[in-house]
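As numbered in the UniProt record's numbering, residues 1 to 1204 make up the sequence shown, in order.
Worksheet for the structure shown next.
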Amino acid sequence: MVTLPPLTFHAPTDRATASAAATHIIASRLAFASGQMVDSIAGVARMRIIVSTAFVPESTTTLPSTSGSSTSTTSTASGFGASTTSNAPLPTDTNTSNGGGGGSNVGAIAGGAVGGLAVLGVLIFAAWWLYIRKRKETNKRAELYEKSVQGEPGELDSGQRMFPQEMHSESQQELDSGQRVFPQEMDSESQRRKQIAPYELPATLIKWGSAVVADTKSSYWVLETTHPPSTSTLTPMCFLTGPVVQPYNPTIPSHPLINSVIYLAYYLPRNSISDSFKLTQIPNKASLCEWKGRATYWQITNKATGDKVGNKIWSYESPTPAFKDIKGYLSFYANDVPWECFVDDEKVTPQEGDFYGGWPPLETLEVVDLSLGWSFKQTDDVGSNSWSPVRRIPSTVQQDLIDNKKLKDPFVGFNEIKAEWVGLKSWTYRTTINRPHIPPGAKAVLVFEGLDTFAHVKLGGKSILKSDNMFLPHRIEITEILQSGGSNWELEIEFESAFLKAREIRDQHPNHKYICFNGDSARLAVRKAQYHWGWDWGPLLVCAGIWRPIRLEIYAVRIADLRADVEFSDDYGIATIQATADIQGHEGCQILDAKFTVRRGNQVLCSTEAEVSPDGKAFGKLQIQDPHLWMPNGYGGQTLYEVSVAVVNDGLTLHSESRRIGLRKVELVQEHDSHGKSFYFRINGVDVFCGGSCWIPADSFLTNVSPARYRAWLELMVPANQKMIRVWGGGIYEDDAFYEACDELGILVWQDFMFGCGNYPCFPAMLDSIEAEAVANVRRIRHHPSLVIFAGNNEDYQVAESAHLTYDYEDKDEQNWLRTDFPARFIYESLLPRVSVAEAPWIPYHPGSPWGDGKISSDPTVGDMHQWNVWHGTQEKYQIFDSLGGRFNSEFGMEAFPHLATIKSFVENEADLYPQSHVLDFHNKADGHERRIATYLVENVRTATSLEAYIHLTQLIQCEALMFGYRGWRKQWGEDRHCGGALVWQLNDCWPVTSWSIVDYYLRRKPAYYAMARVLAPVAIGVRRSHHDWSVTHAREPQTQEWELWVVSSKLNDIQADVEVKFVSVETGREIKDKIVKTGIKITANGTTEVLKGLIDNVHQEPHILAARIWIDGELVARDTDWPQPLKYLGFPSRNVQVKVLDNEMHVSVERPVKCLVFEEREGCHLSDSAIDVVPGDDQIIRVRGLKPGDAPLNWTYLGAGEQ
């Protein structure tokens, strides 16, 4: 460890001379200044210290060159004022002389052979003695600081007494309340050091509103550095520079030994304060800096307003000799004050806390944001006005064209067709990078988190990157270019048409069979979001652009990756975290340590240190007793821990990185049983039925999805009792905000790799790109506790089946796979599982969705299944959905129109507001959607032609279909885990459209959303009669039908409940026979309990519903109703529905049974329930959030409302 004494330098006239002189002075003082601590003389000898503004008196000094030889440099005094090397005399002991004579410095040890060795021995002895002395004094200071907390005085070995009120002001600031803030008590974020870039002509400006407090170019600024706060290293070092009158570019010492937290404090001459302000000294307020002396505090008064601020300005009226130049100068706090601080017209962003008055520190790693200042154009447009501004990066070219009014919104009307030309052109983006300060030993790296897709990047006209994978991040070092001269460089990125490049690549590999279900088959040759080619729910909009952030990083040492493997004891009483860090830039450091820490909130639970290995690895083992386990919502809490690593050299933190994890163990249980082979998830030993949804990209223009919008989408899942979201393989590896929200909300994530509905080629370049893509994205998201499975693809095995491609599961020769007409098997059963096991072995891998042990994908006994024989395929009746399922139903669904407000957002002419209009058909991309919607409507309900009624009917059909599926499959969960989960296709939309979504593009919930919430509730009741296919029997009604009633529970303990079932006439609303009540029923934990069975007499009994309810501890917790099918045979006159609004509640009552009472989904309003069946005598209360006083009541309708 090296701690420097205070050094004062005046502004130079010759930068090189000053730099050399400063190196000479600092090296000398490092070796011999009294009281300084030197842990490693070798470390001192190799330090590179440059202060480019320093000036020394006229002298000749011998300085070491990089090779160890001596160089003679002469500096001549000039400029202003007296020139001094230091306010303390330099050592003159003969031990400082080297073999060549002239000047004293540590580096001169290498100047002579024999003399140098002698000096080295003396220096080692001196350093050892100084180290022991300094360690003793440092420990004493630590004790004094500890005593100061209790207000006790202390005494140094020298006899000097230090009192609490006199402690170092930069290490310990006093709050107005008298509370002291010590470095070790500061928030960890205050240690995430924020750097202010050096300035060419520094000008300091303080503004209070529109009034200028001070404006000067004669400031001093002090670089004050300290170690990461601790009680054992309390001594800072200070450099004083200025006043600034010459253009300069200060360079801070870059060697790791002194590359610690370096804070800037600016000191302004008192005469720079405007006459519009008055300064008054605050009596009896002082603090002590052991380097600069006692600080005086001031109150400032704004004469124009009378406003006063105290304790936010300080000065040193009688500073120590080393800092006499700032006598009477004023320094201003930069945080928690009414004024703003500017340096060279750049507003200072204060650091957190009071440390150094809030002035931000310099840091090792600087990040330059490159999101602003861009322009773009069509590449082949050479016109004078071809360039247009870009609002912000990330962006897509379509959105940029819309912003510049060069493209109409593709989501409106038929504008999608008018926008297709954009995807056939090349586009160029450009910005300017100003020359940054790159400290010696550091590097500058351009970071591209995502370029879509065929991108050619040039910097200053030089090609630096060609990218062809949208999912692959890139890091390009540009240090040499930035140091080659010049003050700025043009960064240019050209994006070629992915649509045309895909066809070009396809034609280069003609032997492959390009077969797919959606979009142009050439898409299979490109690593890009496949839905951009259009899907059966999305438009054909082939995007391009900088779709994820771009930045410039400057650093010497960087943590490239942090991995956290978690293991548990058998009883989950101990969690062991094996943390692994990858370090870049370690090669230049002889000693580099990594400190691993685990926090829960602000509490540090454990930490450990390890030495960084020669290959840049560091490992830390951390144990947590009685861990708070992360569980899915509804099963427990979602406690998150922070695992961090700091790279440290001799006590100084160079860089830190962290990951937020949850402590959980996930198992994909696949065991042979009476139904075949199970497929369900076990989290921390708890079996979880995974009811949930599939997720597609939330917008055709990905950069329009903000973290808040991600959060809004995912928050919808929690009140709907959904436990899992499946990230579909035709979209993207989602944004970090998506997974972070899932972590916090307790939503399990099924993650497909990005392959969808196709037979993908496997030429060598493609495989290399896929592997790099997989590694990068698994590393990025693997720490999220919500992530519970990787799946190789979406429906690619089904494509192979339908096209009769070669797939011999018994053939285990991977090279044979590549020679078949289904080479992508190599990706899903070799490449991706290898990456998954290597990078995230705690997350199960599944070759595809659907897939099951190499069997046909529709096999219901194994693996997961996409059940599309309702809607697609054989178009079975949705009433038998549950009988069509498998061990895990990862896709199923039913289309429904969006709400009327959503339809009006894309229909331009009111004349088109009818169900079969051209524009409504255009906004439904499903093949044969007219026939399929019509089929399910005609089979089940009385049809209607008005748009509002038609919307309600399609939504009712979707609601009923999903209810029948979920209700039956959840019942099967309790039948020896027959069904492990069901994920509806789909939660969301990427544009306003008629699709299978249960929530439309504008986050308006369809009725099915509420039906799912009810059947997935922690405790739900189910009742149904046996299915009778009226179409097959030519509408003949069966004489009898069996019915059954059951209860499902996700509670982890058995509970007792009371159950009731009524038999209510559809026509009259009266009970046709006595209800059945069962009390004190034992409900099986995490399973299904069969409660009642019976028989319906269709000959002697009128059409009636079965109305079931369940109470727990006297509270009504769930309902269910079963209706005679099909609903079109029933009449619904005279329902007499009453909806009374009382504050934020709607009280609903009926005289006769009502089917699917739906409330308006008004923007800003949230309903506790909707799409409800209501039975006479069972009034229901719907809570409404967001409806303001004076607002009109929500509209509502129900099946048969037109018959009233």
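Heads up, the beta-carbon is just placed ideally off N, CA and C, and yes, glycines get one too.
The beta carbons of Gly-1080 and Val-1048 sit about 18 Å from each other, so the pair does not count as a contact at 8 Å. Closest in alpha carbon position to Ser-674, among Thr-280, Ala-1192, Thr-994, Glu-975, is Glu-975.
If you draw a straight line from the Cα of Arg-600 to the Cα of Ser-658, it comes to about 13 Å. Around Gly-293, the same chain offers Tyr-316, Ser-318, Pro-319, Thr-320, Phe-323 as residues with beta carbons nearer than 8 Å, after the five sequence neighbours per side are excluded.
Shown here for Val-412: same chain residues with a beta carbon closer than 8 Å to its own, the five before and five after excluded, namely Ser-905, Phe-906, Glu-908 in chain order. For the options Pro-1007, Phe-342, Ser-1149, the alpha carbon positioned closest to that of Glu-1160 is the one of Pro-1007.
Put simply, of Val-1117, Asn-1136, Val-705, Val-835 the residue whose alpha carbon is nearest the alpha carbon of Tyr-1001 is Val-705.
The beta carbon of Gln-281 sits closer than 7 Å to the beta carbons of Thr-296, Trp-298 from its chain, once the five residues preceding and following it are set aside; these are given in chain order. Put simply, the segment 538-549 touches the segment 413-426. At least three CB pairs are less than 8 Å apart. When C-alpha distances from Gly-731 are compared across Ile-1182, Arg-711, Gln-530, the shortest belongs to Gln-530. For Ala-741, same chain residues with a beta-carbon under 7 Å away, outside a window of 5 residues either side, are Tyr-710, Arg-711, Leu-714 in chain order. Across the set Ser-569, Gly-863, Ser-890, Val-1158, the C-alpha of Gly-863 shows the shortest separation from the C-alpha of Gln-670. Between the beta-carbon of Arg-506 and that of Tyr-514 there is about 6 Å, and that keeps the pair under the 8 Å contact cut. The continuous alpha helix (DSSP H) containing Met-1012 extends over residues 1007-1015. Boundaries of the alpha helix (DSSP H) around Gln-958: 947-973.
A straight-line Cα-Cα distance of about 45 Å links Pro-847 and Ser-388. Checking the DSSP bridge columns, you'll see Lys-595 partnered with Glu-609, Ala-646. In the DSSP assignment, Gln-1041 forms a beta bridge with Ile-1096. Going by DSSP, Met-1146 is part of the beta strand (DSSP E) stretching over 1145-1149. Here the C-alpha atom of Arg-779 lies approximately 8 Å from the C-alpha atom of Asp-561. The straight-line gap separating the alpha-carbon atoms of Asn-777 and Ile-478 is approximately 24 Å.
Scanning its chain for C-beta atoms nearer than 6 Å, with the 5 sequence neighbours on each side dropped, one finds around Trp-533 the residues Gly-519, Asp-520, Arg-523, in chain order. Below 8 Å, enough C-beta pairs join the segment 203-212 and the segment 334-347 to call them touching: three or more. Unbroken beta strand (DSSP E) stretches of 3 residues or longer found wholly inside the segment 397-468: 427-434, 443-448, 455-459, 462-467, given in chain order. Residue range 538-540 is occupied by the beta strand (DSSP E) that includes Pro-539. Beta-carbon to beta-carbon, Ala-1011 and Thr-954 are separated by about 14 Å, too far to satisfy the 8 Å threshold.
Per the coordinates, the alpha-carbon of Ala-961 lies some 5 Å from the alpha-carbon of Tyr-878. The criterion of a C-beta distance shorter than 7 Å is satisfied by Asn-684 and Arg-664.
Within the same chain, Asn-940, Val-941, Arg-942 come within 7 Å of Lys-1128 by CB-CB distance, once the 5 residues on both sides are set aside. Here Arg-563 has Thr-580 as same chain residues with Cβ atoms under 6 Å from its own Cβ, once five neighbours each way along the sequence are excluded.
Ranked by how close their Cα comes to the Cα of Val-870, the residues Phe-964, Ser-857, Ser-569 have Phe-964 in first place.
Cα atoms of Leu-920 and Val-775: separation of roughly 42 Å, rounded to the nearest angstrom. Residue pairing for Val-309: DSSP places it in a beta bridge opposite Ile-300. Less than 7 Å separates the beta-carbon of Asp-752 from that of Gly-729. In the DSSP annotation of this structure, the continuous segment of the beta strand (DSSP E) that includes Leu-1116 starts and ends at 1115-1122.
In this chain, Asn-889 is not harboured by any alpha helix (DSSP H); it is covered by the beta strand (DSSP E) spanning 889-891.
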